[in-house]
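For the sequence shown, full-length UniProt numbering gives the first residue as 1, with consecutive numbering after it. The C-beta atom is built at its ideal place from N, Cα and C for all residues, glycine as well.
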Amino acid sequence: MTSIALLGATGNVGSRLLDEALSRGHQVTTLVRDPARLASRAGLTVVAGDVTDPRAAKALAGHEVLISSLRFADIAPGTLIDFARATGIPRLLIVGGAASLRLPDGARLFDAPGFPAEYRTEAGAGIATLDALRGVSDLDWVFVSPQMVFAPGERTGSFRLGDDALLFDAAGDSHISYEDFAVALLDEAERPVHHRTRFTVGY
C-alpha cells in the first residue's frame with residue numbers, strides 16, 4: 001500500500017487516477033477547493049485548499065507520492081514545484097501533455113502546422129512546466145505524457161511506454177485512454193522506474 005497525495009482529483013484524468021489508486025488499496029488524500037465535490041469513500045481523505053495555500057502543503061506532509069493532475073494554464077511551474085517542496089513529499093508524478101513529444105520527423109507536436117490553436121495556451125504551459133522540472137534536482141519528479149488523442153475509454157491494462165517521441169499503433173493512430181493512462185501512472189507510483197525524466201504512454 002502506498003500513501004498518495006493527489007491534486008486535481010475532480011478532473012477528467014484525476015478522477016480516473018483516484019479510482020485506480022483506491023481500487024488498488026492505496027490511501028489517498030486529495031486537495032480540492034470544494035470538498036463537497038467528492039463523495040466519501042474507503043481509503044479517501046479530502047482536504048480543502050489549493051496549491052497556493054502553505055497550510056495545505058503541511059496537510060499533505062508524510063505521504064510517499066504526490067500526483068498532480070492540475071491544468072498547467074492554471075498554475076505557474078514554480079508555484080507547483082515550490083508546493084511540492086513544501087509538502088516534503090520526495091516523489092512527484094505529473095500528468096503531462098503530448099505537445100512536447102516528437103513527431104517522426106523529429107519536430108515537436110507543438111510546432112506542427114496543424115496544431116490546434118485552442119490548445120496552445122495549455123500545451124505551452126505544459127512545455128514550460130517540463131522545462132522547469134528539468135532544472136530541479138531536489139525532487140524525484142516524473143512527467144508522464146499521454147498521446148495526441150487522450151480521451152475517455154476502456155481500462156485494458158495493455159499499452160506501451162516510450163520516452164520523448166509520440167507512439168503510433170498499427171493503424172497509425174497516437175492515442176491512450178484516461179483509464180489506461182491511470183494504470184500506467186499508478187504502476188510507476190507503486191514501482192518506480194523513472195527518475196527526473198519524462199516518459200509517455202500509448203497503444
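LEU17, enclosing alpha helix (DSSP H) - first and last residue: Here residue 17 is taken as the residue at index 17 of the sequence shown, counted from 1. Counting along the chain, the unbroken alpha helix (DSSP H) around LEU17 starts and ends at 12-23.
Selection from PRO146, ALA184 and GLY172 that minimises the alpha carbon distance to ARG155: Translated into positions along the sequence shown, residue 155 becomes position 155. Residue ALA184 is the option with its Cα nearest to ARG155.
Distance, GLY157 Cα to GLY11 Cα: Here residue 11 refers to the residue found at position 11 when the sequence shown is read from its first residue. Here residue 157 refers to the residue found at position 157 when the sequence shown is read from its first residue. Each residue's alpha carbon lies about 21 Å from the other.
Residues near ASP164 in its chain [Cβ-Cβ closer than 7 Å; skip 5 each side]: As a working mapping, residue 164 is identified with position 164 in the sequence shown. Here the set comprises LEU101, ARG102 and ARG198.
Rounded separation between PRO54 and ALA171 - CA only: As a working note, residue 54 is residue 54 in the sequence shown. As a working note, residue 171 is residue 171 in the sequence shown. Near 48 Å, if we compare the C-alpha coordinates of ALA171 and PRO54.
Sequence-distant residues of its chain with Cβ nearer than 6 Å to ILE94 (five each side left out): The count along the sequence shown starts at 1 and reaches residue 94 at position 94. Excluding residues up to 5 positions away in sequence, SER68 and PHE143 lie with their Cβ nearer than 6 Å to the Cβ of ILE94 in the same chain.
Cα-Cα separation between ARG160 and GLN147, rounded to whole angstroms: Within the sequence shown, residue 160 is the residue found at index 160, counting from 1. Within the sequence shown, residue 147 is the residue found at index 147, counting from 1. Straight across, the Cα-Cα distance linking ARG160 with GLN147 is about 11 Å.
Residue closest to LEU60, alpha-carbon to alpha-carbon, out of LEU92, PHE168, ALA73 and PHE150: By one-based count along the sequence shown, residue 60 stands at place 60. When only C-alpha atoms are compared, the closest one is LEU92.
Start-to-end residues for the alpha helix (DSSP H) that takes in ILE176: For the purposes of this step, residue 176 is taken as residue 176 along the sequence shown, with counting starting at 1. Following the DSSP letters along the chain, one finds ILE176 in no alpha helix (DSSP H) but inside the beta strand (DSSP E) bounded by residues 175-177.
Contained beta strand (DSSP E) runs [length at least 3] in the region 158-199, N- to C-terminal order: The region 158-199 contains these whole beta strand (DSSP E) runs: 160-162 and 175-177.
Own chain partners of GLU190 with C-beta closer than 7 Å, once the 5 adjacent residues on each side are dropped: Taking the sequence shown and counting its residues from 1, one reaches residue 190 at position 190. Hits under 7 Å: THR2.
Cβ pair ARG16, GLU188 closer than 7 Å: The residue labelled residue 16 in the question sits at position 16 within the sequence shown. The residue labelled residue 188 in the question sits at position 188 within the sequence shown. Pairing ARG16 with GLU188 gives a Cβ-Cβ distance that is not under 7 Å.
Residue of ILE4, GLY135 and ALA9 minimising C-alpha distance to HIS26: Indexing the sequence shown from 1 puts residue 26 at position 26. Looking at the Cα atoms, ILE4 is the closest of the given residues.
Cβ pair count under 8 Å reaching 3, the region 130-140 against the region 107-120: No contact exists between the region 130-140 and the region 107-120.
Alpha-carbon to alpha-carbon, ALA107 and GLY43: As a first step, residue 43 must be located in the sequence shown, where it is residue number 43. As a first step, residue 107 must be located in the sequence shown, where it is residue number 107. Cα to Cα, the separation comes out at about 43 Å.
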